Every structure is written in C-alpha cells, then in structure tokens.
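Colleague: For the protein sequence lines, the chains are A and B, in the order given.
According to our numbering, the first sequence holds residues 71 to 181 in order.
According to our numbering, the second sequence holds residues 3 to 115 in order.
The beta-carbon is built from N, C-alpha and C at its ideal position, and this holds for glycine as well.
Note that this is a predicted model, so its numbers are computed, not measured.
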Amino acid sequence: TQLLEQSPQFLSIQEGENLTVYCNSSSVFSSLQWYRQEPGEGPVLLVTVVTGGEVKKLKRLTFQFGDARKDSSLHITAAQPGDTGLYLCAGEAGGSYIPTFGRGTSLIVHP
Amino acid sequence: DARVTQTPRDKVTEMGQEVTMRCQPILGHNTVFWYRQTMMQGLELLAYFRNRAPLDDSGMPKDRFSAEMPDATLATLKIQPSEPRDSAVYFCASGHGTDETQYFGPGTRLLVL
C-alpha cells in the first residue's frame with residue numbers, strides 16, 4: 071500500500087489555468103518534500119516543509135503543509151508549458167532521512 | 003555545478019545477462035540511495051548507504067540484485083541474472099545525511115528483452 075497518496079494522477083490543462091495537486095497520508099511526517107521530474111531526468115527538489123500549517127511560495131508555486139502534518143498541497147497559478155512534468159511528494163518520519171515517495175501527479179500544460 | 007552522474011544512460015540486454023549500473027555521488031555527500039521507477043509502482047527504494055555502509059536494502063530482491071560502494075566516489079547496482087520484469091528506470095541519489103534532501107542522477111533506463 072502507498073503511504074502517500076497523490077491526486078490527481080494525471081492533469082492536462084491549458085496555459086494560464088490554475089491548478090492544485092494533493093498529497094495525502096494517514097501518517098504524520100516530520101517533513102514533506104515536493105519534487106518535479108521532467109521527462110528523461112531525475113526528480114529535482116522544489117521545496118521542503120516542516121511545520122504544520124506552513125506555507126511556502128516559489129514564484130507561481132504555493133506549497134502548504136497540513137496542520138496535522140499528514141497532507142500537503144501544491145498550487146500553481148497561471149500554469150505555463152514549462153511547468154509540465156511529474157510532481158512527486160515525499161514524506162520523512164522518525165528522523166531516518168529516508169523519505170517515502172508518492173506515485174506522483176503527471177501534469178501537462180498545453181500552449 | 004555538482005551533479006550525480008550515472009552510467010550507462012540506456013541499457014538494452016537479453017534475459018539472463020548481468021547488468022551493472024554505476025553512480026558517482028556528489029563529492030562530500032555521505033548518503034547514497036538506489037531507486038527503481040516504473041509506471042505501476044512509482045519510485046521504489048532499493049538500497050540506502052551511509053558512509054559507504056549498507057543500512058537498508060529491504061526493498062531489493064536479494065536473489066538477483068546486489069548493491070555496493072567500493073569507495074566514496076562510486077556506487078554500483080548489479081542484476082544477475084536479469085529478467086524482463088527488471089525493465090525500469092534506475093535512479094541513484096545522494097545527500098548530505100543531515101537532512102532529507104536528495105540529489106538525483108539522470109537515471110539508467112534498462113530494458114531486458
């Protein structure tokens with residue numbers, strides 16, 4: 071069973087639209103990370119959130135960690151074709167520094 | 003611009019053959035991870051090293067897979083014998099070991115016929 075559930079699995083939108091993707095779990099995480107993976111490449115870290123309720127912004131991307139540290143969301147404003155990729159969330163619990171990855175949301179932004 | 007490097011980038015082989023994948027972690031990083039990515043399973047952790055010592059390989063099929071770090075600049079993942087179900091993209095990642103941030107290599111795309 072997947073410890074981290076990501077939704078939606080696939081998302082296809084037009085340039086300029088807004089979107090939100092979700093990462094949910096029944097487990098509490100000490101930190102949660104979002105990665106973006108482009109075709110043919112490895113995942114690249116976007117952000118790490120560690121405090122319940124924390125909100126971080128990275129240009130048009132807004133990341134939120136749930137109050138109970140069990141879930142997170144990623145909101146993209148005015149999506150651009152360059153945002154196309156697989157968005158992965160990864161949670162770490164217990165100080166092991168070994169994160170567990172969700173299966174990702176595959177985003178396609180059409181020009 | 004320090005990066006994790008992986009070789010080969012692509013490998014096509016026949017069932018039963020040995021496959022060796024190599025990874026050079028970022029200089030100064032003391033943790034190394036091997037992952038396998040497929041559409042069905044997503045990213046699966048195969049092995050985890052800290053200071054070259056294997057700490058977790060519970061995700062790795064022991065009968066055919068092996069992972070080693072001969073030195074701090076090289077990590078290897080071997081499959082012997084390979085099977086079609088091993089077809090996937092294999093990623094290596096390294097980290098400082100003081101937080102959960104991982105730096106991924108570009109992956110090795112393996113196809114076993």
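Answer with buried or exposed for Arg87(B), where buried requires no fewer than 16 other C-beta atoms within 10 angstroms of its C-beta.
Modeller: Exposed is the call here.
Colleague: In this structure, how does DSSP classify Gly164(A) when only helix, strand and coil are distinguished?
Modeller: Looking at Gly164(A) - three-state DSSP - the assignment turns out to be coil, as it is neither helix nor strand.
Colleague: Indicate whether at least one CB of chain B lies closer than 8 Å to the CB of Ile168(A).
Modeller: Chain B, which has a Cβ nearer than 8 Å to the Cβ of Ile168(A), makes this yes.
Colleague: Measuring alpha carbon to alpha carbon, tell me which of Thr103(B), Ala95(B), Gly107(B) and Leu113(B) ends up nearest Phe51(B).
Modeller: It is Ala95(B).
Colleague: For a contact defined as C-beta to C-beta under 9 Å, what are the partners of Leu92(B) on chain A?
Modeller: Here residue 92(B) turns out to be Tyr, not Leu, going by the sequence shown. None at all; the shortest Cβ gap to chain A is about 10 Å.
Colleague: Just mark Pro48(A) as buried or exposed, buried being the case when its beta carbon has 16 or more other beta carbons within 10 Å.
Modeller: For chain A, the structure presents residues 71 to 181; residue 48(A) sits outside this window and is missing.
Colleague: How many Å lie between Val91(B) and Met71(B) at the Cα?
Modeller: The straight-line gap from Cα to Cα measures roughly 20 Å.
Colleague: Looking only at C-alpha atoms, which of Gln79(A), Asn94(A), Thr154(A) and Leu102(A) sits nearest to Gly164(A)?
Modeller: Nearest option by C-alpha distance: Leu102(A).
Colleague: Is there a Cβ of chain B sitting closer than 8 Å to that of Thr90(A), yes or no?
Modeller: No - not a single Cβ of chain B is within 8 Å of the one on Thr90(A).
Colleague: Once DSSP output is grouped into helix, strand and coil, what is the label at Arg111(B)?
Modeller: Strand at Arg111(B).
Colleague: Who are the neighbours of Thr118(A) on chain B, taking C-beta pairs under 9 Å?
Modeller: Neighbours of Thr118(A) on chain B, chain order: Asp101, Glu102 and Thr103.
Colleague: Which residues in chain B have a C-beta closer than 7 Å to the C-beta of Arg173(A)? List them in chain order.
Modeller: What Arg173(A) touches in chain B: Gly44.
Colleague: Tell me, please, which residues DSSP counts as bridged to Leu47(B).
Modeller: In DSSP, Leu47(B) forms a bridge with Tyr37(B).
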